[in-house]
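Take a look at the structure below.
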Amino acid sequence: MRMPPKWVWTCIPPSNVSPLWNIEPSATKDITSFSVKFKQLVSFAALQLTTGQDLRLGTTALPFPLTSVVVVDGSINRMRSLDGILVFSNVRELRLSLNQQLSTLPPLNHLVHLRLLYLGNNYLTSLTWLWHPNTLTHLDVTGNNIASLAGVDACRSCLHVLNVSENKLVSLDGVQHLLQYVASVVLGLPNLDDVSFVNNPVADCDLYRMRLCQHPRLRVLDHKTVQCRI
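Here UniProt numbering is used: the first residue of the sequence shown is 1, the next is one more, and so on.
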């Protein structure tokens, strides 16, 4: 019988609880980080996880409740889908970078507490999979094949940090048209204070920095502090 891939879990002490996870102080005593990095996983379903109450042939009993998991790291695997991710119903931070067969995501609306989503260096081509409403405050899609920001408005209510560096944001109507589009998207995210479009054609456009710095809350643009308002 094939054994499920191994995993690593760590209890998170209260002193290491990130304020970005938005966890009540009274709930920080027994929380867990769960990692399956470097396991060649194609999905979380391959883990066959259970907390022990529903142990079946081939499943893996965990020494902690799945609801205690607030950080899931599935980076550096071969994931084609996120089947099985919904067992982590209380996850606040999800890391899925360097899964180079991951080209899209399903709606993750059942992960109602998810705040930070890291998807760098995959094969994503769009952001239209973003679900509404969501509570994402940090979204990192660095190093994908994204050609449009369509869909990011689903993050309008909460998003603070957006990293779209090293993608393929281009426009058949020319870079000036693209700048107007990008500026309208950024200005439409009222809570945004950190955004990066490094190594995208739009970042080389005249007036790029001036246009985006019109956002009243923006503090960091392309990893550089915004010095003044235009």
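The beta-carbon is built from N, C-alpha and C at its ideal position, and this holds for glycine as well. In this text the structure is predicted, and so the values were computed from the model without any measurement.
- Taking all protein chains in view, the Cβ of Asp204 is surrounded by fewer than 16 other Cβ atoms within 10 Å, so the residue is classified as exposed.
- DSSP, reduced to helix, strand and coil, places Asp153 within a helical segment of the structure shown.
- For Cys155, the closest C-alpha among the options Asp73, Arg115, His177 is that of Arg115.
- A residue is called buried once 16 or more other Cβ atoms fall within 10 Å of its Cβ, and Asn109, having fewer, is exposed.
- For Arg211, the enclosing alpha helix (DSSP H) starts and ends at 208–212.
- Put simply, of Ser68, Leu49, Leu82, Asn200 the residue whose alpha carbon is nearest the alpha carbon of Val164 is Asn200.
- Assigned with DSSP and collapsed to three states, Phe34 falls in strand.
- Separation of Leu66 and Cys213 (C-alpha to C-alpha, rounded to the nearest whole angstrom) is 42 Å.
- For the options Gln227, Val70, Leu117, the alpha carbon positioned closest to that of Thr142 is the one of Leu117.
- Between Phe38 and Val69, the C-beta gap is not smaller than 8 Å, which leaves the two residues out of contact.
- Scanning Leu207, Leu169, Arg217, Tyr181 for the CA closest to the CA of Pro190 turns up Arg217.
- When C-alpha distances from Phe197 are compared across Lys6, Asp222, Arg80, Leu187, the shortest belongs to Asp222.
- In the displayed model, Thr28 falls within coil according to three-state DSSP, outside both helix and strand.
- Our two residues, Gln40 and Asn22, have alpha carbons roughly 31 Å apart in a direct line.
- Beta-bridge partners assigned by DSSP to His215: none are found.
- No residue range can be given for Asn22, since it is assigned to no beta strand (DSSP E) and is classified by DSSP as neither H nor E.
- When secondary structure is reduced to three states using DSSP, Tyr181 falls in the helix class.
- In terms of Cα proximity to Phe88, the closest of Arg80, Pro14, Ala45 is Ala45.
- Scanning Pro106, Thr137, Leu82 for the CA closest to the CA of Leu47 turns up Leu82.
- The C-alpha of Leu207 lies about 30 Å from the C-alpha of Tyr123.
- Around the CB of Glu93, 16 or more other CB atoms lie within 10 Å, so the residue is classed as buried.
- Rounded to whole angstroms, the separation of the alpha carbons of Cys158 and Pro107 is 17 Å.
- Leu111 and Thr137 have their C-alpha atoms spaced approximately 14 Å apart.
- Nearest neighbour of Thr10 by Cα position, chosen from Val36, Ser26, Pro25, turns out to be Val36.
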